[in-house]
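The structure under discussion appears below in the form of C-alpha cells.
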Amino acid sequence: MQSQLIDVWPLRLDLSAQTLGSLRPLLSEDELGRVARLRSEHVAARFVAARGQLRRILGSVLDRDPASLRFAYGEFGKPSLQGGPSVLHDEPSVRFNLSHSGELGLLAVAEHAELGVDIESNHARERGEQIARRWFAALEVEALMALPARERDAGFLRCWTRKEAYVKALGGGLQTPLDGFAVTLGSDEPARLRWCNDPGELQRWTLVDLSDVHDGATAAACVEATAARVRVHEPDYVSRDVRHRR
Numbered sequence: 006m007q008s009q010l011i012d013v014w015p016l017r018l019d020l021s022a023q024t025l026g027s028l029r030p031l032l033s034e035d036e037l038g039r040v041a042r043l044r045s046e047h048v049a050a051r052f053v054a055a056r057g058q059l060r061r062i063l064g065s066v067l068d069r070d071p072a073s074l075r076f077a078y079g080e081f082g083k084p085s086l087q088g089g090p091s092v093l094h095d096e097p098s099v100r101f102n103l104s105h106s107g108e109l110g111l112l113a114v115a116e117h118a119e120l121g122v123d124i125e126s127n128h129a130r131e132r133g134e135q136i137a138r139r140w141f142a143a144l145e146v147e148a149l150m151a152l153p154a155r156e157r158d159a160g161f162l163r164c165w166t167r168k169e170a171y172v173k174a175l176g177g178g179l180q181t182p183l184d185g186f187a188v189t190l191g192s193d194e195p196a197r198l199r200w201c202n203d204p205g206e207l208q209r210w211t212l213v214d215l216s217d218v219h220d221g222a223t224a225a226a227c228v229e230a231t232a233a234r235v236r237v238h239e240p241d242y243v244s245r246d247v248r249h250r251r
C-alpha cells in the first residue's frame, strides 16, 4: 500500500442559532428523529452541528447536494456512504470518520482506505491510571507508569485516542479487546501500533497524532496504509500539510 492522504476538518459544535438553522434542513428524517429523542437541547444542538457540518463537507468533497447523502451503518454502528450515481456508481470510494468531545469535533476523510479518528478534551481524566490498568495492554500500562506523574494525564490521553482511532477504523466497536494491541504514548515517540495479537496488523495500519489541530484537545487518526500524509483544513479553508512516515 502507498502513502495515503487524509483530509481533516477541525469542527466547532457550539454554533449560533442562525448557523444551526442553516444546517438542520440538511439532515435526513432518521437523523431528525434522533434529534427529537435527545432530552438535552444542548446535546441536540451539537448533534445537528456535527451532522450538518459532516454533510456539508462530504457534499463539497463529492460535488453532491449534502441533503441527498445517505449513510449505511455497519454491524457495530460505523457509518459509511451509500452508493449513488455520483460516487463511483454503487461503490463509494470515500471513507470518513467523525469524533467529538464537548464542543470540539474532528472529521477525517480518505479515499479507498478505511480509517478512524478520535478526539478528547485535555481536561484531566479522573481514574485514568485505573482505566489503563483495567483495560489497556500490559505494554501500555508499563509505559504509562514509567512517565513522571505530572505527564501521565497527557500520556493516558495519547494512548486512549490512538486506541480509539484504531478500534473505530476496524469498525468492531466493543468487540475489539483493548488489551489485544498496544500503541505508543510517550511525548517523544511517533504514534504507531507497537504490538498486536495479529502481527499482520502492524503493517496494515498507520497511526497519526493530530493533537495540534485543536487547542485544548488530544486527537489521533488511524488509516489502512503503510504511511500517511495529513492535510488539515482550517476554518478559512486554507490547507496545510503535515507529513507522517512510519
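Residue numbers for the sequence shown follow this note's numbering, beginning at 6 and rising by one. Each residue gets a CB set at the ideal place from its N, CA and C atoms; glycine is no exception. Note that the structure is predicted; figures quoted are calculated from it, not measured.
Taking 9 Å as the cut-off, the Cβ atoms of Ala-225 and Leu-212 count as close. The alpha-carbon of Leu-86 is positioned some 15 Å away from that of Gly-57.
A distance of 9 Å or more separates the beta carbons of Val-40 and Leu-111. When DSSP reads this structure, Ser-104 sits in a beta bridge with Leu-111. Closest by C-alpha distance to Val-188, out of Glu-206, Lys-168, Glu-108, is Lys-168.
Contact between Arg-157 and Gly-191 is absent: CB atoms are separated by about 11 Å, not below the 8 Å threshold.
DSSP, read as helix, strand or coil, puts Thr-181 in coil.
Only buried fits Asp-214, as 16 or more other CB atoms lie within 10 angstroms of its CB. Annotation: Trp-140 is outside any beta strand (DSSP E); the continuous alpha helix (DSSP H) that includes it extends over 133 to 140. When secondary structure is reduced to three states using DSSP, Leu-10 falls in the strand class. In the three-state reduction of the DSSP assignment, Leu-86 falls in the strand class. Secondary structure of Ser-192 (DSSP, three-state): coil.
In the DSSP assignment, Thr-24 falls within the unbroken alpha helix (DSSP H) covering 22 to 28. For Tyr-78, the pairing in a beta bridge is given by DSSP as Pro-84. The residue among Gly-121, Leu-144, Phe-141, Arg-44 with its C-alpha nearest the C-alpha of Gly-176 is Gly-121. Using a 10 angstroms sphere on the CB of Ala-151, the tally of other CB atoms stays under 16, which defines it as exposed.
A straight line joining the alpha-carbon of Ser-98 with that of His-117 spans about 5 Å. The distance from the Cβ of Val-53 to that of Leu-74 is about 15 Å, inconsistent with a contact at the 8 Å cut-off. Measuring C-alpha to C-alpha distances from Ala-115 to each of Ala-154, Trp-165, Ile-62 identifies Ile-62 as the nearest. Per DSSP, Arg-56 is one residue of the alpha helix (DSSP H) stretching across 46 to 67.
With 16 or more other Cβ atoms from the protein chains shown falling within 10 Å of its own Cβ, Tyr-171 counts as buried. A residue is called buried once 16 or more other Cβ atoms fall within 10 Å of its Cβ, and His-47, having fewer, is exposed.
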